[in-house]
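Single-structure report; data block below.
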Ligand code: SF4
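Next up, the structure:
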């Protein structure tokens, strides 16, 4: 079995650990061999051939800076790229195919961006030899017998143009400024931006400054910008974030159209969207910051099911020791105790008016909110949280609401631990908090990291933990699944659900990932109306009634995959779509 050693240079502090402690305790070093040596930067370098994998350095490094990892048995070849000695390595690449949309699913931090940088020519892969960059001819020769040989030949001859929709769209206004219409016109090589703006209902925003757009609007602009370029390969990194269910389907169709003359790669964590959009699936697995492997491509349904199962048959690799099953969350029947009476609210902003009806929030329950964007869901949360004042309908009871904003920003000074401590205080040191919040969300490994250096998914989880750390009656979360991968979406749902039950509080969750909503919901508020004009609230309804109502409004039907309870969108006008509509079962669970 081959193994790799990973030294996290940010965590490693050889002066403060007792002068290269790992070098003194490594059994091979004790025998006089040079298994761990001092590198030019004074940080340790581990010889992966001499290392026996005993794990002593890993366990005794006080900064938890060393990991020794056994690679999967089936992985016998050299990596495509390695960042340096004892650093991240990537095996295999996604394969762009003209006429196809290849969906890529996998955890964050295991090489999807590196793979894209290689395919766009920004990074020349070193084939594992980080001491000497190979020539472009060597790369072409290495892949000459595979589909990628021709790709690299054309890429390095400047015959392939790549267009890219980045993941962190909220950062775009920091780089670009100006009015939406003018900005899109400037880069519109295919002369389609006006048509796409119409299709995605952005026409009215032509004269708006980029910096004034919501996350969903920014996402649509970024997608149109990428699609407007003449390219051979289009790469969309998480195109569904911040979009409502209808917009997800419109975007899926738009992206599928691009595949007529080009190759399209899509990274997405919303399984219903990637299922709908893709012709093939490639799974990415590995360990964050250590190694990543991109699997062979396979059919969509099989690919997604194998990803959930944690076993890739064609590669003969088990990459997760448990299956992800979207079952119903099992809770014993609870007493029906009202925590809070929702008042009737009215609020107008310019031309927009929101009206809500009376309702109840029940202790120990998660109430979800669904509906198109632009109907006032975030306004409703802000009214409840007291962030904005209603025109009518004051909250009578004094109720504390902890609120996770829709767009987490990284402009918070200090480390993750410093921020969590500030909100959680003494709760931070309790075993329950450590086990059920920090460990389940994987934040225990990020405590010393600076907030400003976190990835989108990490930042989202920190914001969720900060919200749960506060002393409140209702915990409100605006789009908590954005930028979070499939495994972590399930964990986020569990963490919120368990917290609410244990503390006898209530949660309100706004999200557009149907699978996430299905898993976490006890009841549902449905927002109706005309986006940007008026919003009206119905409910709380039972989850099934709510889901049925929303999907009927959107004219979309869902079925639940019998094998693993995965909600799947029926193709428009398919036999299943027609039957479910006839039976008025837009959501068949
Ligand atoms: Fe040495 Fe390898 Fe054991 Fe670490 S795991 S102490 S490097 S032999």
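Residue numbers (the numbering used here): 20 to 608. The beta-carbon is built from N, C-alpha and C at its ideal position, and this holds for glycine as well.
Open item on the list: Going by DSSP in three states, residue 324 sits in which element: helix, strand or coil?
Closed with: helix
Task: Residues whose Cβ lies closer than 6 Å to any heavy atom of ligand 1, in chain order - done: 45, 46, 47, 54, 55, 65, 70, 71, 72, 73, 74, 75, 76, 87
Open item on the list: I'd like to check one pair, residue 490 with residue 382: are the Cβ atoms closer than 8 Å?
Closed with: no
- [ ] Pull up the distance between the alpha-carbon of residue 548 and that of residue 597, whole angstroms please.
- [x] 25 Å
Task: Same chain, Cβ closer than 7 Å to residue 439, neighbours up to 5 away in sequence not counted - done: 447, 484, 485, 488
Task: Burial state of residue 73, where buried means 16 or more other Cβ atoms lie within 10 Å - done: exposed
Open item on the list: With three or more C-beta pairs closer than 8 Å as the rule, is the stretch 252 to 271 touching the stretch 202 to 217?
Closed with: no
Task: For residue 426: DSSP bridge partner residues - done: Per DSSP, none; premise fails for residue 426.
TODO: Could you check what DSSP says for residue 317 in three-state terms: helix, strand or coil?
DONE: strand
Task: Spatial distance of residue 471 from residue 591 (CA atoms) - done: 43 Å
Task: Nearest candidate by alpha-carbon position, reference residue 185, set 202, 478, 254 - done: 254
- [ ] Taking 8 Å as the threshold, find out whether the stretch 263 to 276 comes into contact with the stretch 79 to 99 through three or more Cβ pairs.
- [x] no
Open item on the list: What does DSSP give as the partner residue(s) for residue 387 in the beta ladder?
Closed with: 528, 543
TODO: Could you say which of 581, 567, 582 lies nearest to residue 575 if we only look at CA atoms?
DONE: 567
Task: residue 367 - containing beta strand (DSSP E), residue span - done: 365 to 368
TODO: Consult DSSP for residue 186 and reduce its assignment to one of helix, strand or coil.
DONE: coil
- [ ] Just the C-alpha distance for residue 325 and residue 535, rounded to the nearest angstrom, thanks.
- [x] 19 Å
Task: Alpha-carbon to alpha-carbon, residue 51 and residue 435 - done: 41 Å
Task: Cα-Cα separation, residue 113 to residue 410 - done: 53 Å
Open item on the list: If I follow the unbroken alpha helix (DSSP H) through residue 34, where does it start and stop?
Closed with: That residue, residue 34, is in no alpha helix (DSSP H); it is neither H nor E in DSSP.
TODO: Give me the Cβ distance between residue 304 and residue 107, rounded to the nearest whole Å; I'm assuming they're in contact under 8 Å.
DONE: With a Cβ gap of about 14 Å, residue 304 and residue 107 do not count as contacting.
Task: Inside the stretch 69 to 117 only - beta strand (DSSP E) runs reaching at least 3 residues - done: 85 to 89, 108 to 110
TODO: Let me know if residue 550 comes out buried or exposed under the rule of 16 or more other beta-carbons within 10 Å of its beta-carbon.
DONE: buried
Open item on the list: Quick check on the burial criterion: 16 or more other C-beta atoms within 10 angstroms. Buried or exposed for residue 368?
Closed with: exposed
- [ ] Measure how close the beta-carbons of residue 226 and residue 269 come, nearest whole angstrom, since I'm counting them as under 8 Å.
- [x] Not quite, the Cβ-Cβ distance comes to about 22 Å (not below 8 Å), so this is no contact.
Task: Environment of residue 59 [buried if 16+ CB atoms lie within 10 Å] - done: exposed
Task: residue 541 burial status per 10 Å Cβ neighbour count (16 or more: buried) - done: buried
Task: In DSSP terms, what residue 497 is bridged to - done: 529
TODO: Give a yes or no on whether the C-beta atoms belonging to residue 301 and residue 123 are separated by under 8 Å.
DONE: yes
Open item on the list: Under 8 Å, with one C-beta from each stretch per pair, do the stretch 157 to 173 and the stretch 508 to 524 reach the 3-pair mark?
Closed with: no
Open item on the list: Quick check: the stretch 579 to 590 against the stretch 392 to 412, are at least 3 beta-carbon pairs closer than 8 Å?
Closed with: no
Task: Spatially closest choice to residue 45 from 85, 34, 608, 30, by CA coordinates - done: 85
Open item on the list: Which residue wins for smallest C-alpha separation from residue 480, given the options 462, 492, 468, 102?
Closed with: 462
TODO: Closer than 8 Å by C-beta to residue 323: which residues in its own chain qualify, once you throw out the five before and the five after it? Chain order, please.
DONE: 124, 290, 293, 294, 300, 585
Task: Contact under 8 Å by Cβ, residue 239 with residue 221 - done: yes
TODO: Using beta-carbon positions only, say whether residue 371 and residue 111 come within less than 8 Å of one another.
DONE: no
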